[in-house]
Structures are given as C-alpha cells and as structure tokens.
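Structure first, then comments.
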Amino acid sequence: MNADSTLDVTAKLDNLLRKRACGALFINGPACAGFDALLGQLAEATRPAKGLSILGPYRVSADRVDDLRDLIRDELVAQGYISGGGTETPPPNHKALWELLNSVGDRQQNQTFLVLVELIGGLLLGNEGPGDLFSDIRHFEGVWRDRSVQVVYAIAGSWWHQEIEAYFDRIHVSFPYSPGRNYVRWTGVDRATVATMTRESLGAAGTPIVSDVIYELGGGHWEVTRSLLGAVHERPIQLQSLWNHTRRIAQDGPLARELLSGWHRLPPRSRKLLHRLLTTRCVAEHHTNERIKEPLLAVGIAQEVTINETRYLRFFSPFTELCVRAHLAEFDLADPA
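Take 102 as the starting number for the sequence shown in the working numbering and just add one per residue.
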C-alpha cells in the first residue's frame, strides 16, 4: 500500500460519490501530516457537485468518537435539513442519526452528504476509538436502504492498519475498507503545494530551488514543511542553513516530541528493522516481513520505493532519519555508526 497523492485521494472520493450509495473513504497517514489541509482540498474539489452538501471538517478526539454524531446532527439542524424538535436525545449510532432526516427532516429531493472527519490524538490503535467508529459506519453502510439519501464519509487520521484488522477479527465484523478501493495511505502534500507554501511564506526568497530543497528535506510532510518555513529568517537563504534548521527541528521541539510519541509504540521486531535501516539506509523488501515493516510505514518513518524493479524500504525523508538518529536512546537502539 503505497502513499497516494492528493489527486489520487480526490479521485477515489469522487468515485464513491458517483456510485450513489453510502460509503466511506479511509485516509491513513502519519501524525501532523496535514489532514486539515487535505480535507479542505477535498471540500473544494467536490463543492461544485449538484445536490451535494458538505458537513465538517470535524476534528474528533479518538476517545470521544461518539461526539461525531452530535456534531453532524447539530449541523444538519443549522443547515435546515432537520428541525430542532425531536433531536434532543443523542442518536445511538450513525444509522439512527441519518434516520432523523425522515423522522424530523424537511427534504424535497434526493440529497448527497459528504462528511469530512479528522481523527486527532496521534497514532491510534484499534481499541482506542477508530475501531468503534469504523464498525459503526460499516454497519450503517450495510443496512441503509434509503436511496434518496447518500452519505459518504471521508475519515482521515493516523492508525495502525494491522491493529484495526485485529480489532475487527475480535468483534467478528466485516472489515470496513479495502486498499486500493476505499483506503489510502497519505503522507503529505505534493511538491507544487510546498512551492506555493514557500512563496507565500518567504516571498521573493522562496525560489524554486529553495522550495525543492524544503520538499526533499521534509518529504511533503505538512508540519515539517511549516516548521522549516517558520525557522528561515536569513537572507539570502543558504542551503546549508536549511539543513541546519532541519537538524535542529528534528532534535527538539514540539513537532519532534509529538512524532516520537507515536514512534515509541513501535513493536520490538519493527525496531530491529529500523536498526537495519539506520545501518544500511535501504533494505530490500524481500528481506522484510509485511507485519514488521507496516508499523514503520504507518508512523511515517519509512517509505517503499522501486529501484531497478526491486522494492526497497528507506527513510521517508532526511528529517525522519535525523529525528530517529537524534533520539536513539528513546528507541533502545545503539548508534549503528
């Protein structure tokens, strides 16, 4: 499951909307990757569609996923789709929520709703909220029969795919997404977006060379890019200074600490693979196990690349490598150098 571009994510969402059936797009990526920016772009890309109402984006804590139903209900009331009367009792699930459109609603025609959701709280496991939300939405998809109402959820957050799989095995519910169909791994913005961010932040000093270097250093990770742009004050901008800023941000600061809070949860075998990556900087995939490498991909430490028709695992960006090397003791790893 490789990282998908913003265009890929938009295309998958558009495909779900065109099917005229209820569904969900699950967007998984590392913490601080800029899900709010992505959801904003998805809203702009789909807004012109006739008969489409966009709800959100909502930022929902993983330990309070039930709040999402209340947020959606309140916005449906605010937009006039349902009246305030009869909605005092919180809907127990998403099926009951959307049934309010028929019981206390005022619709005159078919309607499609796009619900944009960002799950916050760092790296999430199956039993920490996402599993409950995903199973509720999966149940809603399976039982909803009203063809006059289409609901599509776009849910973005940071979770371990394997942990979600294990959770659904335990509760004996069919899995909510399929890689390539309604699941994408998204790691950040593209080179063109970084170029726009650079020009807006640095003005004339934000040349194409500078924006390209910033993109390569951070790999398009939203908060890494923002942190770098916020650290650059010297003129003219020297490439060495960009490297120095990257090293400093990776060593300390709120961004490094937030990323590390998820990275610390890597299982022992994934840490061993990380140590190999620190030693060789590139590991052929036929030497790796899917369940061992998946956590490194999920938290944004590593990425998959193809070189001469061979798949390899390598660091996602120079920033991530610098951040790991600056905190080896926290991973219980010896310095391979």
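All residues carry an ideal CB built from backbone N, CA and C; glycine is no exception. Computed from a predicted structure; not experimentally measured.
For residue i, name the three-state secondary structure that DSSP assigns.
{"i": "arginine 119", "result": "helix"}
{"i": "glutamate 386", "result": "helix"}
{"i": "glycine 232", "result": "helix"}
{"i": "arginine 426", "result": "helix"}
{"i": "asparagine 103", "result": "In this prediction, asparagine 103 scores a pLDDT of 46, lower than 50, which makes its location untrustworthy; the coordinate-derived value is nonetheless stated afterwards. In the structure shown, asparagine 103 sits in coil (DSSP, three-state: anything other than H, G, I, E or B)."}
{"i": "valine 110", "result": "helix"}
{"i": "glutamine 339", "result": "coil"}
{"i": "asparagine 129", "result": "strand"}
{"i": "isoleucine 350", "result": "helix"}
{"i": "alanine 357", "result": "helix"}
{"i": "glutamate 431", "result": "helix"}
{"i": "arginine 415", "result": "strand"}
{"i": "glycine 141", "result": "helix"}
{"i": "tyrosine 278", "result": "coil"}
{"i": "tryptophan 260", "result": "strand"}
{"i": "glutamate 410", "result": "coil"}
{"i": "leucine 225", "result": "strand"}
Between residue i and residue j, what straight-line distance do the alpha-carbon atoms span, to the nearest angstrom?
{"i": "valine 425", "j": "threonine 107", "result": "27 Å"}
{"i": "proline 368", "j": "asparagine 203", "result": "47 Å"}
{"i": "isoleucine 221", "j": "arginine 160", "result": "7 Å"}
{"i": "methionine 158", "j": "isoleucine 128", "result": "Methionine is not the amino acid found at residue 158; the sequence shown has proline there. So the alpha carbons of these two residues sit roughly 14 Å apart."}
{"i": "methionine 102", "j": "glycine 289", "result": "Residue placement at methionine 102 is poorly supported in this model, since its pLDDT is 38, which falls under 50; the coordinates still yield a value, given next. Using only the alpha carbons, I get a separation of about 15 Å."}
{"i": "threonine 380", "j": "glutamine 352", "result": "19 Å"}
{"i": "glycine 304", "j": "leucine 360", "result": "29 Å"}
{"i": "isoleucine 183", "j": "isoleucine 173", "result": "11 Å"}
{"i": "serine 274", "j": "isoleucine 155", "result": "Just to set this straight, residue 274 is valine in the shown sequence, not serine. Their Cα atoms are separated by approximately 29 Å."}
{"i": "arginine 377", "j": "glutamate 391", "result": "15 Å"}
{"i": "leucine 414", "j": "leucine 397", "result": "9 Å"}
{"i": "leucine 118", "j": "histidine 346", "result": "43 Å"}
{"i": "asparagine 116", "j": "arginine 148", "result": "15 Å"}
{"i": "histidine 387", "j": "alanine 435", "result": "25 Å"}
{"i": "glycine 135", "j": "threonine 411", "result": "30 Å"}
{"i": "serine 279", "j": "threonine 308", "result": "40 Å"}
{"i": "valine 314", "j": "serine 249", "result": "50 Å"}
{"i": "lysine 151", "j": "glutamine 404", "result": "38 Å"}
{"i": "cysteine 133", "j": "isoleucine 272", "result": "30 Å"}
{"i": "arginine 394", "j": "threonine 407", "result": "According to the sequence displayed, residue 394 carries lysine and not arginine. The alpha-carbon atoms of lysine 394 and threonine 407 are separated by roughly 16 Å."}
For the putative contact between residue i and residue j, defined by C-beta atoms under 8 Å, what is the C-beta separation to the nearest angstrom?
{"i": "phenylalanine 416", "j": "arginine 382", "result": "7 Å"}
{"i": "glycine 320", "j": "serine 418", "result": "3 Å"}
{"i": "alanine 332", "j": "isoleucine 350", "result": "7 Å"}
{"i": "glycine 230", "j": "glycine 363", "result": "About 15 Å separates the two Cβ atoms, so there is no contact after all."}
{"i": "leucine 318", "j": "leucine 343", "result": "6 Å"}
When you measure from the CB of residue i to every non-hydrogen atom of the ligand GDP, does any distance come out below 8 Å?
{"i": "leucine 143", "result": "You won't find the ligand GDP in this model; it holds no ligand whatsoever."}
Entirely enclosed alpha helix (DSSP H) segments - the stretch 146-198, minimum 4 residues: 168-179
Meets three-Cβ-pair contact criterion under 8 Å: the stretch 183-200 and the stretch 233-242: In short, these stretches touch, since the Cβ pair count reaches three.
Sequence ranges, beta strand (DSSP E) only - wholly within the stretch 287-342, length at least 3: none
Stretch-stretch touch, CB-based, cutoff 8 Å, three pairs: the stretch 211-218 with the stretch 251-266: yes
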